[in-house]
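See below for the structure under consideration.
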């Protein structure tokens, strides 16, 4: 019978004979591994459940005596506790948070995390533990080991904040920005804001010295962060942004004008601003940004510039931007609307009425 | 004061659930938990033993905390039942929205565990 089969048919039968047990074997192994994985997960869940209950009873007792408990735990239980503890540290504040930090110490997490900073693969987890436990690390050590990626830089700066390091603002800002060649992560932007949104604004002096060397993306990020910071600074300390208003990148000019909107009211800074140049910028977004900055300063000089701006606003977008600015300026909204701007004013009034409704639920001001 | 009050906790995060249940159990409250807003509402609509107070998470699978709160306040049986909302995102708009819908108290995560029982005691 075999003689009557063609070579192609023989090949097919051979393949089936080889593949069938192979597929069966792979299937069996897959099912076996899945069952094993599920069992391990279930054991882990049971262990966590059991440990959670024990942890809670100790946590809410007068004397948890963590050292004694941790010593009595098996190595597997200690590993499970190390996995569990960060989750609870994220959730809890107050006296119980302090207690959990003590448990972290008993579990040797601080020492272990500081040791792991030197290991590339464990750095992020080590920084997470240190931040959650609020344990301080020498900034020089963070700078040495934790500046490989934007995320690591942000995590390192976060450790300085959460441990209330006395030089957190300055050292954290330096670690985050590095040499200013790579943009910050979204997490990094948030940390940069936290570091500089208060009594100290080291970012201002760092920017004054290094802004011209930074990558444009970093420059835009720094300007944006500063715009949303409460700055305890004089107009002179912001003088470094003046050359940026003539930067060849539109995004840098736009971000600089955005910063002016919030902080440009300072008399010594305003005295140096060339508003005519800003209103003559080649990009309409910069011109509109300038309208909004003038509106937010809200005085008579700003209003005079705004009225002059009315003459140069030629496109529909600019006229709409100008009408929005007049609606924000305290005296601007009382001025009679010129016929050319009537339709834009109607649009702005409609926006304002929607905004009032929105603020009730979302607190959003879309363009002010 | 005797704390035999029946509290319904609607929270999808197991860790938060365990933590609050432990805290309230220890203070004598009876706590029932749900992890899904829709399931919880189905139970509430049918039960003969309504809870004395609810703790609602904002972000929930099924109906979210705001939807559940809105339904509670439109329901005769639950119009006056004290509700505490719990959220990881304590934005001003979230808080305002919750109070507009008739929440009695609002807590943001991370929180002090003992605060929950203290706030419940004030409301009951």
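Chains as they are written, first to last, in my numbering: chain E, 5 to 372; chain W, 117 to 240.
We put the CB at the ideal spot given by N, CA and C, even for glycine.
Identity of the residues DSSP links to residue i by a beta bridge
{"i": "residue 96 (chain E)", "result": "W:227"}
{"i": "residue 222 (chain W)", "result": "W:201"}
{"i": "residue 122 (chain W)", "result": "W:146"}
{"i": "residue 173 (chain W)", "result": "W:202"}
Check whether residue i and residue j have beta carbons under 7 Å apart
{"i": "residue 104 (chain E)", "j": "residue 93 (chain E)", "result": "yes"}
{"i": "residue 134 (chain W)", "j": "residue 229 (chain W)", "result": "no"}
{"i": "residue 283 (chain E)", "j": "residue 313 (chain E)", "result": "yes"}
{"i": "residue 154 (chain E)", "j": "residue 192 (chain E)", "result": "yes"}
{"i": "residue 297 (chain E)", "j": "residue 265 (chain E)", "result": "yes"}
{"i": "residue 110 (chain E)", "j": "residue 120 (chain E)", "result": "no"}
{"i": "residue 170 (chain W)", "j": "residue 199 (chain W)", "result": "yes"}
{"i": "residue 323 (chain E)", "j": "residue 348 (chain E)", "result": "yes"}
{"i": "residue 108 (chain E)", "j": "residue 95 (chain E)", "result": "no"}
{"i": "residue 207 (chain E)", "j": "residue 241 (chain E)", "result": "no"}
{"i": "residue 127 (chain E)", "j": "residue 156 (chain E)", "result": "yes"}
{"i": "residue 148 (chain E)", "j": "residue 167 (chain E)", "result": "no"}
{"i": "residue 256 (chain E)", "j": "residue 223 (chain E)", "result": "yes"}
{"i": "residue 154 (chain W)", "j": "residue 179 (chain W)", "result": "yes"}
{"i": "residue 333 (chain E)", "j": "residue 302 (chain E)", "result": "yes"}
{"i": "residue 229 (chain E)", "j": "residue 273 (chain E)", "result": "no"}
{"i": "residue 315 (chain E)", "j": "residue 329 (chain E)", "result": "no"}
{"i": "residue 150 (chain E)", "j": "residue 158 (chain E)", "result": "no"}
{"i": "residue 253 (chain E)", "j": "residue 220 (chain E)", "result": "yes"}
{"i": "residue 136 (chain E)", "j": "residue 114 (chain E)", "result": "no"}
{"i": "residue 63 (chain E)", "j": "residue 100 (chain E)", "result": "yes"}
Integer Cβ distance of residue i from residue j, believed to fall under 8 Å
{"i": "residue 185 (chain W)", "j": "residue 219 (chain W)", "result": "6 Å"}
{"i": "residue 146 (chain E)", "j": "residue 179 (chain E)", "result": "6 Å"}
{"i": "residue 217 (chain W)", "j": "residue 189 (chain W)", "result": "6 Å"}
{"i": "residue 203 (chain W)", "j": "residue 210 (chain W)", "result": "6 Å"}
{"i": "residue 123 (chain W)", "j": "residue 236 (chain W)", "result": "7 Å"}
{"i": "residue 149 (chain W)", "j": "residue 127 (chain W)", "result": "7 Å"}
{"i": "residue 172 (chain E)", "j": "residue 164 (chain E)", "result": "4 Å"}
{"i": "residue 216 (chain E)", "j": "residue 187 (chain E)", "result": "With a Cβ gap of about 17 Å, residue 216 (chain E) and residue 187 (chain E) do not count as contacting."}
{"i": "residue 295 (chain E)", "j": "residue 325 (chain E)", "result": "5 Å"}
{"i": "residue 87 (chain E)", "j": "residue 226 (chain W)", "result": "Their Cβ separation, rounded to whole angstroms, is 18 Å, which puts residue 87 (chain E) and residue 226 (chain W) out of contact at 8 Å."}
{"i": "residue 181 (chain W)", "j": "residue 201 (chain W)", "result": "6 Å"}
Under 9 Å by beta carbon: chain W residues contacting residue i
{"i": "residue 302 (chain E)", "result": "In chain order: nothing, as chain W lies at least about 24 Å away."}
{"i": "residue 51 (chain E)", "result": "Under the 9 Å cutoff, chain W gives no residues; its nearest Cβ is about 14 Å from residue 51 (chain E)."}
Neighbour list for residue i in chain W, Cβ cutoff strictly below 8 Å
{"i": "residue 91 (chain E)", "result": "131"}
{"i": "residue 100 (chain E)", "result": "228, 229 and 230"}
Within chain W, partners of residue i - CB distance below 7 Å
{"i": "residue 56 (chain E)", "result": "134"}
{"i": "residue 94 (chain E)", "result": "226"}
{"i": "residue 97 (chain E)", "result": "226, 227 and 228"}
Neighbour list for residue i in chain E, Cβ cutoff strictly below 7 Å
{"i": "residue 142 (chain W)", "result": "64"}
{"i": "residue 138 (chain W)", "result": "60"}
Within chain E, partners of residue i - CB distance below 8 Å
{"i": "residue 186 (chain W)", "result": "In chain order: nothing, as chain E lies at least about 13 Å away."}
Check: residue i C-beta below 6 Å from any heavy atom of the ligand FAD
{"i": "residue 190 (chain E)", "result": "In terms of ligand content, the structure shown is empty, and the ligand FAD therefore cannot be addressed."}
So does the stretch 344-360 of chain E actually touch the stretch 163-183 of chain W, counting three or more Cβ pairs closer than 8 Å?
no
Quick check: the stretch 287-299 of chain E against the stretch 246-266 of chain E, are at least 3 beta-carbon pairs closer than 8 Å?
By the Cβ test, the stretch 246-266 of chain E is in contact with the stretch 287-299 of chain E, since at least three Cβ pairs between them sit closer than 8 Å.
Across the stretch 31-46 of chain E and the stretch 73-91 of chain E, are there enough close Cβ pairs to call them in contact, namely three or more that are closer than 8 Å?
no
Is the stretch 66-74 of chain E touching the stretch 18-31 of chain E in the sense that three or more CB pairs, one from each, lie closer than 8 Å?
Counting C-beta pairs with one atom in each stretch, the stretch 18-31 of chain E and the stretch 66-74 of chain E have fewer than three that are closer than 8 Å, which means they do not touch.
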